[in-house]
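Written below as structure tokens is the structure these notes are about.
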Amino acid sequence: MNASKRLDQLLIQIAEIGRDQATGGYNRFAYTETDLQLRAFFAQTAEELGLEVGVDAANNQWAWWGDPDSDPEHNLVLGSHLDSVPSGGAYDGPLGVLSALSAIAELIGDGFQPRSAVGVANFIDEEGARFGVACLGSRVLTGETTYERLSQLIDYDGTPFVDVVSATGVDPTSLGRDDRALSRIGSFIELHIEQGHQLIDLDAPIGLASFIWPHGRWSTTLTGTPNHAGTTRLDERDDPLQRAARFVLELGELAIARDAIATCGKIVVEPNAVNAIAATVRLWIDARADSPDRLAHLATDIATLAEGLGGRLVNESLTSMTAFSASLNESLGSLLENPPVISTGAGHDAGILASHGIPTAMLFVRNPTGVSHSPAERANREDMVAGVDALISVIRGLAS
């Protein structure tokens with residue numbers, strides 16, 4: 001079976017795991033039954049190829065072709081993630097993992113022998129949909145997120161992270177930085193569906209990433225006076241939801257003024273009853289910009305807005321501008337006949353590894369809709385094949 005047919009098969013095998021039949025999107029959240037099914041699928045698929053499968057101290061999965069400890073500085077690692085945002089697309093994450101496995105399968109079938117180990121990583125909880133921290137697996141792996149922080153996290157149902165993890169048989173106190181796993185990553189290349197339309201505009205099936213925009217997540221809580229919706233006069237109300245509406249509208253204006261991006265995509269209202277004035281409204285903000293200074297100024301503006309409406313802005317996570325390895329990109333450019341180089345406003349595990357000094361690069365596959373984090377996310381088969389072929393060329397070029 002060639003790599004393109006194998007990729008087709010692997011995509012079909014996971015197509016119904018976590019799928020929302022009503023929207024066509026995917027709900028694949030960390031440490032859920034769906035996540036466990038995907039992790040079992042990853043392990044079984046890799047083992048069937050003869051790869052050695054294991055987990056690190058952050059609970060990320062690894063599959064190795066060859067001995068990762070024999071010449072670790074020359075190891076080549078590919079991969080991405082299998083989790084999703086709520087009602088997410090089919091390709092964000094899985095395309096990178098499955099393309100890597102498909103490329104390795106073809107090379108094994110061709111009798112290719114890498115000079116050093118080639119690995120595939122499945123990072124856990126990249127999207128942060130359950131606990132609110134993006135790239136959690138790579139952040140824990142690198143020590144950027146510690147157990148102290150993990151012990152403070154709660155999920156969308158109010159269940160503490162430590163209880164969720166314990167229920168899957170993992171000791172949460174064992175989670176932390178893994179120096180051995182990090183030492184095995186000579187270089188890391190993440191293939192990913194493009195989350196935008198730059199490659200459409202450039203008429204290119206694949207592209208190289210130059211850097212990731214600085215980005216962060218914040219939250220604020222607005223408090224009011226709960227009361228009866230039918231008996232409380234409008235001029236006597238202290239309604240935090242009205243202030244929240246002002247916050248969302250003005251947030252967009254602040255971002256435009258700073259030539260940046262800001263989104264309020266999650267709001268929790270208490271008590272969330274149609275006939276009750278809200279008691280509290282909690283809002284989560286995602287903000288991104290093409291420079292650290294621009295993002296810092298925007299965050300200050302948002303904090304001032306929140307304070308003026310009775311809230312306080314709390315930072316949940318912050319990632320600096322992350323440049324990918326110039327030398328690795330140069331090598332990839334030569335191997336892949338100089339695909340276009342583009343920046344990205346989306347965060348990735350590759351960015352976390354790069355920020356910790358690991359030589360890292362990203363390959364993007366064209367998305368014909370330009371839409372991501374949505375059931376409307378798409379990838380054309382010929383572009384996906386171009387992505388797999390690129391990984392095959394990369395392995396042949398860097399691991400021989």
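Following UniProt numbering, the numbering of the sequence shown begins with 1 at its first residue and continues without gaps. Every residue, glycine too, gets a C-beta built ideally from N, C-alpha and C.
In this structure, DSSP gives Q44 a helical state, which the three-state scheme calls helix. Exclusion of the five residues before and after S138 leaves F123, D349, I352, L353 as the residues of its chain whose Cβ lies within less than 7 Å of its Cβ. Between the alpha carbons of W64 and L241 lies a distance of about 51 Å. With respect to E190, S80 sits close: the two C-beta atoms are nearer than 7 Å. In the displayed model, L318 falls within a strand according to three-state DSSP. Residue pairing by DSSP places S291 in no beta bridge whatsoever. Pairing E73 with F247, the inter-Cα distance amounts to about 49 Å. Nearest in C-alpha terms to I342, of all of G230, V170, G196, G252, is G196. Counting along the chain, R233 sits inside no alpha helix (DSSP H), nor does DSSP assign it H or E at all. Residue pairing by DSSP places A326 opposite no residue, since no beta bridge is assigned to it.
Within 10 angstroms of the beta-carbon of L234 lie fewer than 16 other beta-carbons, which makes it exposed.
Where I342 is concerned, the enclosing beta strand (DSSP E) starts and stops at 341 to 344. In the DSSP assignment, T280 is bridged to T223, E270. Annotation: A121 is outside any alpha helix (DSSP H); the continuous beta strand (DSSP E) that includes it extends over 118 to 123. Spatial neighbours of A386 in its own chain (CB-CB distance under 8 Å, excluding positions within 5 residues in sequence) are listed in chain order as P205, I206, V365.
Each of S4, T280, I212, M321 was checked against the Cα of L363, and the nearest Cα belongs to I212. The shortest C-alpha to C-alpha distance from N275 to any of L335, V314, H228, E307 is the one to H228. Counting only unbroken stretches of 3 or more residues, the beta strand (DSSP E) elements lying wholly within the stretch 152 to 235 are 187 to 193, 206 to 212, 215 to 223, in sequence order. Per DSSP, the continuous beta strand (DSSP E) segment holding M362 begins and ends at 360 to 365.
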